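Peer 1: Got a structure for you, written out below as structure tokens; questions coming shortly.
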Amino acid sequence: MTEQNTRLGIILMICATFIFAMQDGLSRHLADTYDVRMVVMVRYWFFAAFVIFMAKHRGGSVRKVASSKVLGLQIFRGVLLVAEICMTIVAFVRLGLVEAHAIFACYPLLIVAFSGPILGEQVGWKRWSAIAVGFLGVLVILQPGYGVFTPDMLWALIAALMFAVYGILTRYVARYDRPSTSFFWTGIAGAIAMTAVGIWYWEPMSTFDWFLMATLCVSAASGHYILIKVYDVAEASAVQPFAYLQLPFASSIGVLVFHDTLRINVVVGAIIVVSAGLFTFFRERKKKLAAA
């Protein structure tokens, strides 16, 4: 067990969120030119190679890490995540990084809402109130009835819903399998599913775009590796709030690089959503400490 170092964990979490934000920017740029399915397929080829490498060097052997008591669910998780990634990138292209991330930030609230009926976890009225407030924030972003809502916003909403279901399933399979097994099947199942779909949308890429694709693949792998180290050196409850920094990081890239519009309702709505998410997180942390 690695010695706990909260300060290092926070620094690593900030680095990971920045890398993921850069990854989102690269994904949007490439998906502007090439089919999203091809972009995600190539990214997952590298991801699959990365999880196999991790299985050999940190798990002892691929067979040992791949062994699962709930293999069907693990495969479904991997396929669900890769489908969610495709939808999120489409949202980046159609909405921009700012609005897509602002809407997507509601996924922790969805996880809390689903954890009761699906996992049997107790969700008190305070957290239900926070969930309601969070979705009011989403409505502030969408502004239905004011002529601002567009069907493209559904891409981000559905992606958030899919990622929330993925998060719930990740909690569920953790009752039966090790984290390394879940991580392995996330990469392998996603790569196989995406290859079956994406290979039909292959198109030639320029030399410079191949360089960007390579950067995207390396950033995805390095981001996940840093995230693994985060939870290796610090408790999740101490570092998880800093994951929300991906929203301002990605929004900054959207504004500075892609000239996305920073509308006031999006900023206000995002603040409401993130605040509600942080409340539910700290409320859950308080309950765990009280029960300890």
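One rule links them: number in this note's numbering = place in the sequence shown (from 1) + 1213. For glycine and all other residues, C-beta sits at the position ideal for the given N, C-alpha and C. Computed from a predicted structure; not experimentally measured.
Does any residue of chain D have a CB that is nearer than 7 Å to the CB of W1423?
Peer 2: Of the protein chains in the structure, only one exists, and it is not chain D.
Peer 1: Rounded to whole angstroms, what's the CA-CA distance from C1430 to A1268? Just pull it up for me.
Peer 2: Between C1430 and A1268, the C-alpha separation is close to 18 Å.
Peer 1: To the nearest angstrom, how far is the alpha carbon of S1393 from that of I1232?
Peer 2: S1393 and I1232: Cα-Cα distance of roughly 22 Å.
Peer 1: Could you pull out every residue in the same chain whose Cβ sits closer than 7 Å to the Cβ of P1417, ignoring the five residues on either side in sequence?
Peer 2: Here the set comprises nothing.
Peer 1: Using the beta-carbon count (16 or more within 10 Å), is A1427 buried or exposed?
Peer 2: Result: exposed.
Peer 1: Are there 16 or more other CB atoms within 10 angstroms of the CB of Y1414, so buried, or fewer, so exposed?
Peer 2: Exposed, by the Cβ-count rule.
Peer 1: Out of V1468, K1499 and Y1438, state which residue places its alpha-carbon closest to the alpha-carbon of M1226.
Peer 2: Considering only alpha carbons, the answer is Y1438.
Peer 1: Could you work out which residue in V1325, R1241, L1332 and M1235 is closest to G1347 when comparing CA atoms only?
Peer 2: Looking at the Cα atoms, V1325 is the closest of the given residues.
Peer 1: So the candidates are V1283, S1464, I1412 and D1390; which of them puts its Cα closest to the Cα of R1250?
Peer 2: Comparing Cα-Cα distances from R1250 to each of V1283, S1464, I1412 and D1390, the minimum goes to I1412.
Peer 1: Counting pairs of Cβ atoms below 8 Å between the region 1332 to 1347 and the region 1482 to 1489, do you hit three or more?
Peer 2: Yes, the region 1332 to 1347 touches the region 1482 to 1489.
Peer 1: Considering only C-alpha positions, which residue in the set K1499, G1273 and K1282 is nearest to Y1389?
Peer 2: Ranking the options by Cα distance to Y1389, first place goes to K1282.
Peer 1: Any contact of the region 1379 to 1387 with the region 1302 to 1318, i.e. 3+ C-beta pairs under 8 Å?
Peer 2: No: fewer than three Cβ pairs fall under 8 Å.
Peer 1: Kindly indicate the opening and closing residues of the alpha helix (DSSP H) around V1264.
Peer 2: Looking at the DSSP string, the run of the alpha helix (DSSP H) that includes V1264 is V1249 to R1271.
Peer 1: Is the CB-CB distance between A1229 and A1313 below 7 Å?
Peer 2: Cβ distance not < 7 Å, so A1229 and A1313 don't count as in contact.
Peer 1: I'd like the list of long-range same chain contacts for V1479, defined as Cβ closer than 7 Å, with 5 residues on each side in sequence excluded.
Peer 2: Correct list, in chain order: V1311, E1312, A1315 and I1354.
Peer 1: What do you reckon, are the CB atoms on G1350 and I1485 nearer than 7 Å?
Peer 2: Their beta carbons are under 7 Å apart, which means G1350 touches I1485 by this criterion.
Peer 1: Can V1443 and G1222 be called in contact, C-beta distance under 7 Å?
Peer 2: Yes, the pair counts as a contact, with Cβ atoms nearer than the cut-off.
Peer 1: For C1430, name the three-state secondary structure that DSSP assigns.
Peer 2: Reduced to three states, the DSSP call for C1430 is helix.
Peer 1: How about G1403 and L1294: do their beta carbons lie closer than 7 Å?
Peer 2: Contact: yes.
Peer 1: Can you round the beta-carbon distance between A1244 and V1252 to whole angstroms, since I take them to be within the 8 Å contact cut?
Peer 2: Right, the Cβ-Cβ distance comes to about 6 Å (below 8 Å), so this counts as a contact.
Peer 1: So, under 8 Å CB-CB, M1407 and M1254 are touching, yes? Tell me the CB distance rounded to an integer number of Å.
Peer 2: Correct: roughly 4 Å between the Cβ atoms.
Peer 1: Just to confirm, is the Cβ distance from A1234 to Q1459 under 7 Å?
Peer 2: In contact: A1234 and Q1459 (Cβ atoms closer than 7 Å).
Peer 1: Using the Cβ count rule (16 or more neighbours within 10 Å means buried), how would you classify L1469?
Peer 2: With fewer than 16 other Cβ atoms within 10 Å, it is exposed.
Peer 1: Could you please give the first and the last residue of the uninterrupted alpha helix (DSSP H) stretch that includes K1339?
Peer 2: W1338 to L1355 is the extent of the alpha helix (DSSP H) around K1339.
Peer 1: Going by beta carbon distance, what residues of the same chain come within less than 7 Å of A1377, once the five residues before and after it are set aside?
Peer 2: The answer, listed in chain order, is Y1320, L1323, I1324 and F1327.
Peer 1: For D1248 versus A1463, is the C-beta spacing smaller than 7 Å?
Peer 2: Cβ distance not < 7 Å, so D1248 and A1463 don't count as in contact.
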